[in-house]
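Chains as they are written, first to last, in the working numbering: chain A, 1 to 261; chain B, 1 to 173; chain C, 1 to 373.
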């Protein structure tokens, strides 16, 4: 039985967290820890990398593993260098939707394409929360944010579909309502040889909630009702890709062996 | 000090010819050599030059100011550097590619390097014919030095025809 | 690999040879004229020594990847030119803030913007020192020959490992693309970072204000962040003293150690009245012009910083009392001028050349002669 105390003593640098009351980030931290614990991976073999944004704080400062808190949008590129330099490490990137698909979208595409064996957990709250609730690439059409006060004139990105098309080995989408599925999914993603990507829809009661006039409980309820494995588009949850194919660091190692022979 | 400029169009082997010449002075004749090159960013367009400065002591100037030899493989390149060419002791041109030369220039040595190269294998090795001819005209180095140099750099596949091209240039009269 | 002996190679390739001999085991880069030859050479050489090469999606990703690799314990490098160097600036500051040893080669080309891609310039002098936001220090080296592309690349790795800073090699298209003889010596001094064996060591700053570096995967539970942080890595952006102590130490570890970092070449300076200061490719004809001036009886002297930042300030101040005129030939309208005018407290006779062409001995000599009249 994994108790809160066990988690705190073994996996968390400090509590309470700085997350807003009702924020989904604490749930996602919890899910990552439980997945690591189930897998019985030595914490020293895990490296967590994040960029800028609320969700970047999930690994840094809270997760008690080697952590690299990097510049905005770039954690996947930092993580690629770290993984290639030391393939033994299980490298987990936690990134927000703005970090991973706005400023850092190019890195996400190329990490998926090159199938580098890192795990990216993208926390999707549909806007930029840390800077004050601005429109993001994931904000729905016509939604109001602090920089789209009259509604979003642009359209949102189905990130999981894009990452799947770019060549990832594992792609799944869950919400913070689907905690058990999320934990099992993170376990699979960490153990996946190639590039693995999990999109987690997460509630931001502070900005998203205010715009939608919902508290965090109502938002979770909304996730439960609308996000289903048989739903369409962005509302479809589940595992979208789960395949085995050659991975970048292994291919590099093989090439080096070939060249040196 | 010897200052040499080879000028042509991208893709003609200007840089390769410059490299071989520079290596001959450096490796074979143990001189101090600086070779610089100038070209546009695209791989196959634009004026390309290769400058070689040879000295017994330290080399300070990195570009040609008092040329001893200028070798031209393209009319436009010749036209661009004609003022400098007038000051050069020797101007060597591939006569099938540089046809319009002011008649008052008495320092020009013409050789139909492209045709000679074509008879050996292909016009691609016109640069080697010009190197052989350069050695003959200037006496800066012996054909043996050039041969020794390219044996160490050119891949075996092209070595034979390159050697023939250099020799053909050297014996041209 | 890269055995001692004589080579005839271009500057870019010599830099790659230097990196390999310095123990570089990771390179990430993106193609750009005139630095692509470094990237290509590293792609060929690294696998042969068991190192890793990645071509990334852009220059931002390249510098990100080498910082990541450096935290995995590998000596890491990238190479670029102006446009890519501009893109890297944010993460140069990140490397300075997180004290990550990395080496960046900027083979300068004429700007601004796309400029003349294959032509040399020296317009990145200030950017190499001040390009990222906020207060920080880097070390910038300035090679002027193929030999120095090798030697200073080795030195760049050593300095970055000693001081845990990004070290920039500020080359230019002329030096990067020129071919000259390179002599790879038998013995090369190599410095490796001190790896922390426990967490305490990561917070123990030596006399030079640098601590041992942790390595990911060693179980130290490192917390590395570009935010203002306490010595143990804890983010603390609210306490003024934390920011002050951190930033002052980052600056002081270069400032207070400058006497062991500075390096320069000088000639005929004992009695020089006209001092020609130059760097990189322009310093070659500058030296030639000074030698010619001496032959004609002009009291000219020559000084060339091999380490451009921090500049050899103390030596320049020593020379200041005797020197009547300071001439600065370089391929930029601003280049090193502000730094020299700051040190010498007077106008410098600037001799800028901005066509993408190296100045000649004739041009610089003419300037020296007119200054002597």
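All C-beta atoms, glycine included, are put in the ideal place defined by N, C-alpha and C. Predicted, not measured: the structure shown is a model, and the values here were computed from it.
- Under the DSSP assignment, residue 209 of chain A falls outside any beta strand (DSSP E), being part of the alpha helix (DSSP H) whose first and last residues are 208–212.
- Straight across, the Cα-Cα distance linking residue 45 of chain C with residue 176 of chain C is about 18 Å.
- Taking 8 Å as the cut-off, the beta carbon of residue 149 of chain B is found no closer than this to the beta carbon of residue 34 of chain B.
- The continuous stretches of beta strand (DSSP E) do not include residue 142 of chain B, and DSSP gives it neither H nor E.
- The secondary-structure analysis by DSSP pairs residue 307 of chain C across a beta bridge with C/141.
- Along the region 153–184 of chain C, going in chain order, the ones with a CB nearer than 7 Å to a CB of chain B are 174, 177, 178, 179, 180, 181.
- Of the residues assessed, residue 120 of chain A falls on the buried side of the cut-off, its CB having 16 or more other CB atoms within 10 angstroms.
- Contact annotation for residue 79 of chain A against chain C: 68 [CB-CB distance below 7 Å, chain order].
- Rounded to the nearest whole angstrom, the CA to CA distance from residue 125 of chain A to residue 137 of chain A is 11 Å.
- Between the alpha carbons of residue 124 of chain B and residue 165 of chain B lies a gap of roughly 10 Å.
- For the C-beta of residue 74 of chain B, not a single chain C residue is nearer than 8 Å; the gap to the nearest is close to 18 Å.
- Straight through space, the alpha carbons of residue 199 of chain A and residue 174 of chain A are spaced by roughly 6 Å.
- Scanning the region 46–101 of chain C from its first residue to its last, the whole beta strand (DSSP E) runs of 3-plus residues come out as 52–55, 76–80.
- The continuous stretches of beta strand (DSSP E) do not include residue 98 of chain B, and DSSP gives it neither H nor E.
- The C-beta distance from residue 70 of chain A to residue 116 of chain A rounds to 16 Å, too long to fall under 8 Å, and the pair is not in contact.
- Contact of residue 61 of chain B with chain C by beta-carbon distance below 9 Å involves 284, 285, 288, 358, 360, 361, 362.
- In terms of Cα proximity to residue 112 of chain B, the closest of B/11, B/71, B/49 is B/71.
- In summary, residue 66 of chain B is exposed, with fewer than 16 beta-carbon neighbours lying within 10 Å of its beta-carbon over all protein chains present.
- Under the three-state reduction of DSSP, residue 95 of chain A is assigned to strand.
- Annotated as proximal: residue 137 of chain B and residue 90 of chain B, with beta-carbon spacing under 8 Å.
- Per DSSP, residue 273 of chain C lies in no alpha helix (DSSP H) segment and is marked neither H nor E.
- At least one C-beta of chain C is nearer than 8 Å to the C-beta of residue 44 of chain A.
- Under the Cβ criterion of 8 Å, residue 52 of chain C is counted among the residues facing chain A.
- Taken in chain order, the whole alpha helix (DSSP H) runs of length 4 or more contained in the region 237–272 of chain C are 240–255, 258–261.
- Taking 8 Å as the cut-off, the Cβ atoms of residue 135 of chain C and residue 307 of chain C do not count as close.
- Judged by beta-carbon spacing, residue 132 of chain B lies within the 8 Å limit of residue 169 of chain B, meaning their Cβ atoms are closer than that value.
- Along the region 6–27 of chain B, going in chain order, the ones with a CB nearer than 9 Å to a CB of chain C are 18, 19, 22, 23, 26, 27.
- Within chain A, the residues 81, 84, 85 have their CB atoms less than 8 Å from the CB of residue 26 of chain C, given in chain order.
- The C-alpha of residue 219 of chain C lies about 28 Å from the C-alpha of residue 107 of chain A.
- The beta-carbon distance between residue 278 of chain C and residue 328 of chain C, rounded to whole angstroms, is 7 Å. This is short enough to meet the 8 Å contact definition.
- For residue 133 of chain C, no alpha helix (DSSP H) run applies, since DSSP gives it neither H nor E.
- In this structure, the straight-line span from the alpha carbon of residue 88 of chain B to that of residue 107 of chain B is close to 7 Å.
- Going by DSSP, residue 46 of chain B is part of no beta strand (DSSP E) at all; its letter is neither H nor E.
- Within the region 80–106 of chain C, contact with chain A at the beta-carbon level (separation under 7 Å) is assigned to 90, 91, 94.
- In summary, the residues of the region 228–259 of chain A whose CB is separated from some CB of chain C by less than 8 Å are 252, 255, 256, 259, in the order they occur in the chain.
- Per DSSP, the continuous beta strand (DSSP E) segment holding residue 169 of chain C begins and ends at 166–172.
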